[in-house]
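Please read the structure below before turning to the comments.
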Amino acid sequence: MDLSDAELYEKHADELIRFATGLVGPHDSQDVVSSAVLSSLSTPSWPSVANKRAYLYRAVFNTAKSHGRSAMRRQKREHAVAVSGVLAPPDLRPDVLEAVGKLSVQQRATVFLTYWNDMSIAQVADLLDIGEGSVKRHLARARANLRKSLHE
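Plus 3 on top of the position in the sequence shown (first one is 1) and you've got the working numbering.
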């Protein structure tokens with residue numbers, strides 16, 4: 004049984020907002036999700052999309068990237084709140100949170116989904132609609148950046 008667009012949004016809204024919060028901070032996460040969902044629903048190919056959840060995740064990811072370019076100052080101020088309050092497990096060290104906050108949006112997305120949502124490389128690739136090689140590359144760069152940040 005196919006869900007209506009409203010039912011689909013209701014089913015996935017919370018997880019999309021958490022994902023967006025990890026990428027752009029709490030202040031803009033709902034706007035990013037709203038923009039991404041509205042854009043997705045108005046796309047002519049929307050009715051034929053097979054994996055609508057993955058499509059929405061990818062739309063949120065792309066909207067967050069675009070948003071990040073235009074709102075860099077606000078993102079820096081709010082990122083500490085997003086990482087410590089929503090994205091991270093409660094037992095994570097503050098220096099690790101700060102280091103994760105310095106990663107690119109792509110790297111944070113893959114770290115969030117892989118380590119904190121316990122998804123496989125294939126699941127992350129499917130959800131973000133990117134290749135497994137891209138996920139591995141983002142994770143490798145994220146780990147290298149985290150090692151560098153944490154050993155300085």
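All residues carry an ideal CB built from backbone N, CA and C; glycine is no exception.
For residue i, the three-state DSSP class (helix, strand or coil)
i          : result
residue 32 : helix
residue 54 : coil
residue 61 : helix
residue 48 : coil
residue 84 : Low confidence applies to residue 84: its pLDDT is 47, below 50, so where it sits in the model is not reliable enough to give any reading.
residue 98 : helix
Start and end residues, alpha helix (DSSP H) containing residue i
i           : result
residue 162 : A question about residue 162 goes unanswered here, because the residues of the chain that appear run from 4 up to 155.
C-beta contact flag for residue i and residue j at 8 Å
i           : j           : result
residue 59  : residue 116 : no
residue 62  : residue 45  : no
residue 153 : residue 57  : no
residue 110 : residue 145 : yes
residue 40  : residue 12  : yes
residue 128 : residue 26  : no
residue 100 : residue 148 : no
residue 31  : residue 70  : yes
residue 125 : residue 135 : yes
task = Output the residue ranges of the alpha helix (DSSP H) runs that lie fully inside the region 103-154 and measure 4 residues or longer, sorted by chain position.
result = 108-114, 124-131 and 135-153
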